[in-house]
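Numbering (the numbering used here), first residue to last: 120 to 268.
For every residue, glycine included, the Cβ atom is placed at its ideal position computed from N, Cα and C.
Predicted model only: the values in this text are computed from it and were never measured.
In what follows, a single structure is set out as structure tokens and then discussed.
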């Protein structure tokens with residue numbers, strides 16, 4: 120956790136944002152179809168844009184991680200879901216984090232899982248893609264009224 124109280128409060132805000140805003144919108148992309156999915160995509164894109172702005176303008180600006188030069192609380196909260204977010208992109212064939220539009224977040228997403236400590240504990244991407252593909256198929260089967268547009 121950051122030393123300064125303001126920075127600690129900011130870190131807690133972004134952790135809450137990831138848990139309560141970003142992840143539900145990303146799961147909406149996975150589970151939705153048609154108009155419902157498009158709405159989730161738009162919400163996810165807006166949420167990822169806010170994270171890009173945080174990397175650009177906060178005290179971590181110009182640093183490798185949300186926590187600055189070292190991995191911090193926000194990095195852990197978002198990074199723990201990183202493989203799932205990338206897997207949702209693969210399963211749905213929808214790009215949520217465009218390298219051109221979100222260069223700082225995209226670079227963070229490439230850098231974060233490459234740290235030696237995390238390579239040992241993050242799930243295998245192919246396993247997550249397989250799991251989420253099955254989960255998406257189940258969600259679509261359970262809600263046949265949704266029509267893919």
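| said: Taking the beta carbon of residue 235 as the centre, do at least 16 other beta carbons fall within 10 Å, making it buried, or is it exposed? | reply: As a working note, residue 235 is residue 116 in the chain shown. Flag for residue 235 reads exposed.
| said: Am I right that residue 210 and residue 149 are in contact with their C-beta atoms under 8 Å? What's the rounded C-beta distance? | reply: Looking up residue 210 in the chain shown gives position 91. Looking up residue 149 in the chain shown gives position 30. So it is a contact: roughly 7 Å between Cβ atoms.
| task | Tell me the start and end of each unbroken beta strand (DSSP E) in the segment 124-209 that is at least 3 residues and wholly inside, in chain order. | result | none
| query | Do residue 129 and residue 177 have their C-beta atoms within less than 8 Å of each other? | reply | Position 10 of the chain shown, counted from the first residue, corresponds to residue 129. Position 58 of the chain shown, counted from the first residue, corresponds to residue 177. It is a contact, given that the beta carbons lie within the stated cut-off.
| query | Using the C-alpha atoms, what's the distance from residue 203 back to residue 251? | reply | Within the chain shown, numbered from 1, the residue matching residue 251 stands at position 132. Within the chain shown, numbered from 1, the residue matching residue 203 stands at position 84. Cα-Cα distance, rounded: 8 Å.
| said: Can you tell me where the alpha helix (DSSP H) holding residue 236 begins and where it ends? | reply: The sequence position of residue 236 within the chain shown is 117, counting from 1. Run containing residue 236: 235-238, per the alpha helix (DSSP H) assignment.
| request: Provide the residue span of the alpha helix (DSSP H) that contains residue 261, from first to last. | output: For the purposes of this step, residue 261 is taken as residue 142 along the chain shown, with counting starting at 1. 244-261 is the extent of the alpha helix (DSSP H) around residue 261.
| query | If you draw a straight line from the alpha carbon of residue 191 to that of residue 133, how long is it in whole angstroms? | reply | Residue mapping note: residue 191 aligns to position 72 of the chain shown, counting from 1. Residue mapping note: residue 133 aligns to position 14 of the chain shown, counting from 1. Answer to the nearest angstrom: the Cα atoms are 11 Å apart.
| field | residue 216 vs residue 167 beta-carbon contact at 8 Å | value | Reading the chain shown from its first residue, position 97 is the one you call residue 216. Reading the chain shown from its first residue, position 48 is the one you call residue 167. Between residue 216 and residue 167, the CB-CB gap stays under 8 Å.
| request: Would you mind reading off the limits of the alpha helix (DSSP H) that contains residue 228? | output: Here residue 228 corresponds to residue number 109 of the chain shown, with the count starting at 1. Taken as a continuous stretch (DSSP letters only), the alpha helix (DSSP H) holding residue 228 covers 222-230.
| field | Cβ separation of residue 231 and residue 187, assumed to be a contact under 8 Å, to the nearest whole Å | value | Locating residue 231 in the chain shown gives position 112, counting from the first residue. Locating residue 187 in the chain shown gives position 68, counting from the first residue. Actually they are not in contact, since the Cβ atoms of residue 231 and residue 187 sit about 14 Å apart, beyond 8 Å.
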